[in-house]
Each structure stands twice: as C-alpha cells, then as structure tokens.
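Order-wise, the sequence lines are chains Z and S. Counting from 4, one number per residue, gives the positions in the first sequence under the working numbering. Counting from 102, one number per residue, gives the positions in the second sequence under the working numbering. Note that beta-carbon positions come from the ideal geometry of N, C-alpha and C, so glycine has one too.
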Amino acid sequence: MKAPAAPTPAHLGELFWAFSWLSLQGFGGVLAVVHRELVEKRGWLTPEGFLEDWAIAQVMPGPNVCNLALMFGDRHFGWRGAITALAGLLALPLLLLLSLGALMGQLPDQAAVAGGLRGMGAVAAGLIAGSALKLLLGLRQHALGFPLVLLLASAAFAGVVWLHLALHLIVLGLGGLACGLTWWLLRRRVAQ
Amino acid sequence: MNGADWAQLLLYHLSLSLLAVGGAITLAPDLHRKLVSEQGWLSEAQFNQSMALAQAAPGPNVLFVAMMGWNVGFQSAGADAAAWLATLLGAAGALVCLLGVMTPSSILTLVATRWCQKHRERLTVQALRQGLAPIVVGLLLATSWLLGRSGGQAAQDGRLWLLTLVCAILVWRTRLHMLWLLAAGAMLGIMGWV
Chain Z
4 MKAPAAPTPA HLGELFWAFS WLSLQGFGGV LAVVHRELVE KRGWLTPEGF
54 LEDWAIAQVM PGPNVCNLAL MFGDRHFGWR GAITALAGLL ALPLLLLLSL
104 GALMGQLPDQ AAVAGGLRGM GAVAAGLIAG SALKLLLGLR QHALGFPLVL
154 LLASAAFAGV VWLHLALHLI VLGLGGLACG LTWWLLRRRV AQ
Chain S
102 MNGADWAQLL LYHLSLSLLA VGGAITLAPD LHRKLVSEQG WLSEAQFNQS
152 MALAQAAPGP NVLFVAMMGW NVGFQSAGAD AAAWLATLLG AAGALVCLLG
202 VMTPSSILTL VATRWCQKHR ERLTVQALRQ GLAPIVVGLL LATSWLLGRS
252 GGQAAQDGRL WLLTLVCAIL VWRTRLHMLW LLAAGAMLGI MGWV
C-alpha cells in the first residue's frame, strides 16, 4: 500500500479561497492563523516546511505573510499561483477595511468613534511593543552578543524617534553594518 | 493633488518596498515622516486612525498602507467634491500605495526563493537574517512609540500610556487573544476613560 500523498491545493480557486479564509480570521497579524490553517487543518505544509518557509519569508523584504503566500502559491502553480495566493490574502480584507474606513465618517457619534479609535490605537501600540519585547528577548543567543544587539536596536529606535532619519538610511546603513558584522562573526565561528 | 503628486506617491511607495524587512509595520515611522510631516497629505489624527483601523480589522498588517492611500486620495478630492469622485480617488490612492509597496518586494521574493532553492549559501543568508534582527526590533519599538504618543489632551496621555504598557505586558507574558485587548481598548475609549 502506498503512503497517502501529502494533500495539496487542487486548483487556483481552492488556493484563493484558502488564503482569503485565513486572512479574514487574522486579527492583529495573520501568522498564527496561517500555521493553524495550512499546517494543522489542511496539511498543505509540514511543521518543518512551515518553519523553513517562514524563515525565508522573514529574510526577504515585504510583508512576511505576503511573502509566505507568494512562495507557497509559486511552488504549486508557478507565478499564477503566487499572484492568486497573494490576491486571496489581500482582496477581501482590503474591501472590508475600506468599507469600514468609508463608514467611519458617517457614524453619528464622532466623539465616541474617536474615543474608541484612540483606545484601540493605544492597545495597538502595546501589541506591537509586546511582540517587539518577545522578539528582543529571543535574541539573547545572537551571534553579535546581547549587549551589541541592545545597542543596535536602541540606535535604530533613536534614529527614527529622535533624529527623524529616513528608513533608507537606517536599514542600509545601520542594517548593513549589523549584517556585515554578523557575517564576519559567523564565518569566524565556522572557521574555528 | 496633481499628476506629479500621484507619481510621487507611487514612486515613494515603490522605493519603500524593499526596505520593509521584518514586516510592513516597520514602514509606519517613515510613512508618518513622508505623508504627515513632509507633504501634509494626512493629518496626525488620520494617520493614527488609519493605523488603528487596520490593526483592528482582519488581514495582513500591510493593509494599513492601503488605508492611508485611501485617506490621501479621498482628501485630495476636496471638501465639496461629489461622494462618488472622492470614493473613486480614495480607491485609486489605496491601489497606488498597496501596489507600490508590494510589487518590488514580491518580485524580489519570487526571484530569490527560486534562486535559493538551487544554490544554498547558508552563511550569507544567515548573516542577512540575523544581522537585521536587532534593527527590526528597534524599528518595531519606534512604531509602537509613535502610535502610543498619538497626541490628545495631556490629562488623557498618562492613562493612554498606561493602557499601552499594560497591553505590552499582557502580550509579552500571556497568550490572551489580541482581539480581546483591542475590544477592551475600544470600549475604554468609547466610555471616555482613556
């Protein structure tokens, strides 16, 4: 008896709806939902495959989840699959978001709406800070050493918040420096 | 906004695309610099509303870029423009910004992942990924700072910061669903407590 083949999306339509569905469930970031839907529910990706893809999606510029969708679609249907998966991820949530945005101006109690949005803004700031803290503590084993990691993160923060530097300068300058240094340390570690 | 402004909007987003390492959210500070401080296409309040709404709605974070494009386009119609014209310009703004910010990075991702599957230069890839990590964390914290600082009366600021701090700690230490936190924040705001 043959081992059952790993399930894959049958056609472009299925791919589109799979990504639409997981995207519409993803409040405050889609990553956790991608894992639950593609790995645990549909079995289209193994846990190991998910981690590998996620790492690459993270290295590449662009939104991580969008990169993951592009890679997944490309693997199964070539560039048409890549576009379909990305369109699935973005189309319906975009329509929903713009409808919400258009409605905002027409709600009767503008003070309450402004208050609600102000509250959600403060929460959103907290969500991002909390994720950043988790990520920062995950860097304790970083090749650069934790003190240098803290220094670089603080420099990027200060560059944006106080010096109002353009992102181009920070990513290319500070990021380039950090990557070069990491590469050198990694190579030295390999050589030893 | 004239044709040159639209072209500038597109070019700016195209140029930003490849810099979005670690997620689209790290683009927020630069979008603020460009759209609010430099060009004045968005007000401070509109910027923060776009961020908050996109965070509250489902879907990838990058949609906040489309939301800002929507506001830029909608505004450009002028206060006494017909509703359909403003909506059309808003939709155009959303598409211009979203396509601009997505296209270069998507092409690069496709080319690079195909290339990476053939050649595996592990060390270079590792250095790129690990080296950028501290910068990404710094940018995330800066984004959070800009959102948290969102203005408002001085009396409310203390409570807003407290809410932000409590949420940061809850996300860090617990697995509470983020939706509950957003709902709680909205309720507190509607009741006028923050």
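At the level of alpha carbons, what is the spacing between residue i and residue j?
i                      : j                      : result
residue 153 of chain Z : residue 190 of chain Z : 22 Å
residue 101 of chain Z : residue 153 of chain S : 13 Å
residue 191 of chain S : residue 26 of chain Z  : 23 Å
residue 113 of chain Z : residue 268 of chain S : 25 Å
residue 150 of chain S : residue 127 of chain Z : 11 Å
residue 120 of chain Z : residue 292 of chain S : 12 Å
residue 178 of chain S : residue 193 of chain S : 11 Å
residue 4 of chain Z   : residue 124 of chain Z : Because residue 4 of chain Z carries a pLDDT of 44, less than 50, the predicted location of this residue cannot be relied on, and the following value inherits that uncertainty. Those two C-alpha atoms are separated by around 56 Å.
residue 250 of chain S : residue 160 of chain Z : 14 Å
residue 61 of chain Z  : residue 124 of chain S : 8 Å
residue 164 of chain S : residue 158 of chain S : 9 Å
residue 214 of chain S : residue 63 of chain Z  : 9 Å
residue 281 of chain S : residue 272 of chain S : 11 Å
residue 14 of chain Z  : residue 116 of chain Z : 42 Å
residue 187 of chain Z : residue 226 of chain S : 13 Å
residue 248 of chain S : residue 164 of chain Z : 11 Å
residue 24 of chain Z  : residue 246 of chain S : 32 Å
residue 46 of chain Z  : residue 109 of chain S : 44 Å
With 7 Å as the threshold, decide whether the Cβ of residue i is near any Cβ in chain Z.
i                      : result
residue 194 of chain S : no
residue 169 of chain S : no
residue 268 of chain S : yes
residue 275 of chain S : no
residue 150 of chain S : yes
residue 187 of chain S : no
residue 115 of chain S : no
residue 291 of chain S : yes
residue 287 of chain S : yes
Quick one: which chain S residues come within Cβ less than 9 Å of residue i?
i                      : result
residue 96 of chain Z  : 158, 159, 160, 161 and 164
residue 105 of chain Z : 171, 175, 188 and 191
In chain Z, which residues lie less than 8 Å from residue i when you measure between Cβ atoms?
i                      : result
residue 140 of chain S : Simply none; closest approach about 14 Å.
residue 155 of chain S : 100
Would you verify that the beta carbon of residue i is, or is not, closer than 7 Å to some beta carbon of chain S?
i                      : result
residue 42 of chain Z  : no
residue 174 of chain Z : yes
residue 11 of chain Z  : no
residue 102 of chain Z : no
residue 68 of chain Z  : yes
residue 39 of chain Z  : no
residue 156 of chain Z : yes
residue 118 of chain Z : yes
residue 76 of chain Z  : no
Could you tell me which chain Z residues have their CB closer than 7 Å to the CB of residue i, listed as they occur along the chain?
i                      : result
residue 272 of chain S : 129, 130, 133 and 134
residue 246 of chain S : 164
residue 197 of chain S : The premise fails here: residue 197 of chain S is roughly 13 Å from chain Z at the closest Cβ pair, so nothing lies under 7 Å.
residue 295 of chain S : 121, 122 and 125
Closer than 8 Å by beta-carbon distance: list the chain S residues that pair up with residue i, in chain order.
i                      : result
residue 160 of chain Z : 239, 240, 242, 243 and 246
residue 82 of chain Z  : 211
For residue i, which residues in chain S fall below 7 Å Cβ to Cβ?
i                      : result
residue 189 of chain Z : 224, 227 and 228
residue 185 of chain Z : 228, 231 and 232
residue 139 of chain Z : 238
List the residues of chain Z whose Cβ lies closer than 9 Å to the Cβ of residue i, in chain order.
i                      : result
residue 179 of chain S : Ordered by position in chain Z, no residue passes the 9 Å Cβ test against residue 179 of chain S, which lies about 15 Å from the chain.
The ligand PLP heavy atoms versus the CB of residue i: any closer than 6 Å?
i                      : result
residue 182 of chain Z : Looking for the ligand PLP in the displayed structure turns up nothing, as the structure carries no ligands at all.
Per the contact definition of three or more C-beta pairs closer than 8 Å, is the region 81 to 93 of chain Z in contact with the region 256 to 267 of chain S? no
Is the region 175 to 189 of chain S touching the region 122 to 139 of chain Z in the sense that three or more CB pairs, one from each, lie closer than 8 Å? no
Below 8 Å, how does it come out for the region 170 to 183 of chain Z and the region 233 to 240 of chain S: are there three or more Cβ pairs, yes or no? yes
So, does the region 124 to 135 of chain S touch the region 163 to 176 of chain Z, judging by three or more C-beta pairs under 8 Å? yes
At a Cβ cut of 8 Å, what residues of the region 122 to 135 of chain S count as close to chain Z, listed as they run along the chain? 122, 123, 124, 125, 126, 127, 128, 130, 131 and 134
Using 8 Å as the threshold, is the region 194 to 205 of chain S in touch with the region 135 to 150 of chain Z, meaning 3 or more CB pairs across them? no
Three CB pairs or more closer than 8 Å across the region 138 to 146 of chain S and the region 76 to 84 of chain Z: no
Against chain S: residues of the region 18 to 29 of chain Z by CB proximity under 7 Å: 26, 27, 28 and 29
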